[in-house]
Amino acid sequence: MASDIEHEKRLAAEAAATMVDPGSVVGLGTGSTTAYLIPALARRGLDAIFVATSPATAAAATALGLDVRPFHGIDRLDIAIDGADQVDDRGWLVKGGGGAHTREKIVAAAARRFVVIVSSDKLRRVVEGPVPLELADFGADATLRSLRALGEARRRDAPPTPDGGVLADLWPDTGTGLAPSELARQLDAEPGVVSHGLFPPAITAVVIVGTNDGVVHRAVTAPAV
Ligand code: 5RP
Numbered sequence: 006m007a008s009d010i011e012h013e014k015r016l017a018a019e020a021a022a023t024m025v026d027p028g029s030v031v032g033l034g035t036g037s038t039t040a041y042l043i044p045a046l047a048r049r050g051l052d053a054i055f056v057a058t059s060p061a062t063a064a065a066a067t068a069l070g071l072d073v074r075p076f077h078g079i080d081r082l083d084i085a086i087d088g089a090d091q092v093d094d095r096g097w098l099v100k101g102g103g104g105a106h107t108r109e110k111i112v113a114a115a116a117r118r119f120v121v122i123v124s125s126d127k128l129r130r131v132v133e134g135p136v137p138l139e140l141a142d143f144g145a146d147a148t149l150r151s152l153r154a155l156g157e158a159r160r161r162d163a164p165p166t167p168d169g170g171v172l173a174d175l176w177p178d179t180g181t182g183l184a185p186s187e188l189a190r191q192l193d194a195e196p197g198v199v200s201h202g203l204f205p206p207a208i209t210a211v212v213i214v215g216t217n218d219g220v221v222h223r224a225v226t227a228p229a230v
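Offset between the sequence shown (1-based) and my numbering: plus 5.
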């Protein structure tokens with residue numbers, strides 16, 4: 006039998022699949038929770054168009070017959086559905102455990118509704134490190150050095166992203182007491198950071214949490230600050 010966590014991921018993903026209307030343009034996330042979403046969508050046999058946030062998701066969705074298109078010439082998505090590494094009480098997310106957070110954030114921001122699907126072990130009171138980063142390859146060591154003012158910043162042992170970026174992780178120095186909004190602001194201000202894995206509450210419409218007995222829908226209404 007699947008572990009409880011796998012069961013929770015599947016329930017959350019299957020609940021999200023029912024939220025997709027025929028004719029929609031749909032953003033697909035990356036990761037093991039999204040891996041349950043793709044077959045659930047395929048079973049619905051919807052006439053819909055899909056945009057994938059990673060080559061792995063594109064391959065899995067295409068293999069199951071979903072109509073995956075490049076994210077070019079499409080300027081709005083009806084809905085995007087993705088997993089997360091952490092979700093906190095105010096709706097902040099940490100994403101990017103799979104290194105796809107740059108494309109995931111672009112897709113989430115382009116969607117009318119961004120739906121997050123998680124198992125219950127992803128819930129936190131306040132998000133914490135590590136925060137995944139994608140850095141420009143150009144000057145990556147200088148960027149890492151600069152980031153060390155915020156905490157421990159390390160290059161990830163991973164291949165370059167599909168966009169040529171360098172993956173890294175930041176363990177914020179909690180001694181500075183940085184709130185996620187302040188940390189996000191500082192990371193946004195760092196020239197060599199292409200993107201970071203902190204997603205503000207304003208980007209998310211709803212978080213679907215899988216539990217042993219079913220799913221809980223959490224509307225995200227907290228302000229981004
Ligand atoms: C990939 C992501 C994933 O959504 C996140 O890592 C959660 O993955 P999983 O569903 O496997 O727990 O952000 O970059």
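Here a beta-carbon is modelled for each residue, glycine too, at the ideal position from N, C-alpha and C.
Exercise for review: Return no unless some Cβ of chain D is closer than 9 angstroms to the Cβ of lysine 110.
Suggested key: Checking the listed chains, one finds no chain D in this structure; it contains a single protein chain.
Check your understanding: Exposed or buried, what is proline 177 when buried is set at 16 or more other beta-carbons lying within 10 Å of its beta-carbon?
Key -> Burial check for proline 177: the Cβ neighbour count within 10 Å reaches 16 or more, so the residue is buried.
Review point. Sorted by chain position, which residues of the same chain lie with C-beta nearer than 8 angstroms to proline 167's C-beta, five sequence neighbours on each side aside?
Key: Here proline 167 has Ser59, Pro60 and Arg108 as same chain residues with Cβ atoms under 8 angstroms from its own Cβ, once five neighbours each way along the sequence are excluded.
Review point. Pick from Ile86, Arg129 and Gly104: whose alpha carbon is nearest that of isoleucine 43?
Key: That would be Ile86, whose Cα lies nearest to the Cα of isoleucine 43.
Review point. Between the Cα of leucine 152 and the Cα atoms of Lys127, Glu195, Ala141 and Val73, which residue gives the shortest distance?
Key: Put simply, of Lys127, Glu195, Ala141 and Val73 the residue whose alpha carbon is nearest the alpha carbon of leucine 152 is Glu195.
Exercise for review: Starting from the Cα of glycine 101, find the closest Cα among Ile54, Pro135, Ala114 and Asp80 and give me that residue.
Suggested key: Here the closest residue by C-alpha is Pro135.
Review point. Are there three or more Cβ pairs, one per stretch, closer than 8 angstroms when the segment 117 to 128 is compared with the segment 203 to 220?
Key: Because the criterion of three Cβ pairs below 8 angstroms is met, the segment 117 to 128 and the segment 203 to 220 touch.
Point to revise | 9 angstroms Cβ cutoff met for arginine 49 and valine 73 | key: Cβ atoms of arginine 49 and valine 73: not closer than 9 angstroms.
Practice item. Note down, in chain order, each residue of its chain lying with its Cβ closer than 6 angstroms to the Cβ of leucine 149, except the 5 sequence neighbours on either side. Key: For leucine 149, where only same-chain residues beyond five positions count, the Cβ hits under 6 angstroms are Ala158.
Practice item. Count the other C-beta atoms from every protein chain shown that fall within 10 angstroms of the C-beta of proline 165, then say buried if there are 16 or more, exposed otherwise. Key: Exposed, since its Cβ has fewer than 16 Cβ neighbours within 10 Å.
Review point. Between valine 199 and the rest of its own chain, which residues show a CB-CB distance below 7 angstroms, the 5 nearest in sequence each way excluded?
Key: If we look at valine 199 and ignore the five residues flanking it on each side, its Cβ neighbours are Thr107, Glu139, Leu140, Ala141 and Gly170.
Practice item. Assign arginine 108 to one of three DSSP states: helix, strand, or coil. Key: Assignment of arginine 108 by DSSP, reduced to helix, strand and coil, places it in the helix class.
Check your understanding: Rounded to the nearest angstrom, how far is the Cβ of leucine 82 from that of glycine 36, given a contact under 8 angstroms?
Key -> Between leucine 82 and glycine 36, the beta carbon gap of about 18 angstroms keeps them out of contact (Cβ cut-off 8 angstroms).
Check your understanding: Where do the ends of the alpha helix (DSSP H) carrying isoleucine 10 lie?
Key -> For isoleucine 10, the enclosing alpha helix (DSSP H) begins and ends at 9 to 22.
**Study point:** Own chain residues within Cβ distance below 6 angstroms of alanine 189, not counting five before or after
**Key:** For alanine 189, where only same-chain residues beyond five positions count, the Cβ hits under 6 angstroms are Leu203.
Exercise for review: State the start and end residues of the unbroken alpha helix (DSSP H) segment that holds aspartate 193.
Suggested key: Its alpha helix (DSSP H) spans residues 185 to 193.
Point to revise | Endpoints, beta strand (DSSP E) assigned at aspartate 146 | key: Run containing aspartate 146: none in the beta strand (DSSP E); it sits in the alpha helix (DSSP H), 145 to 152.
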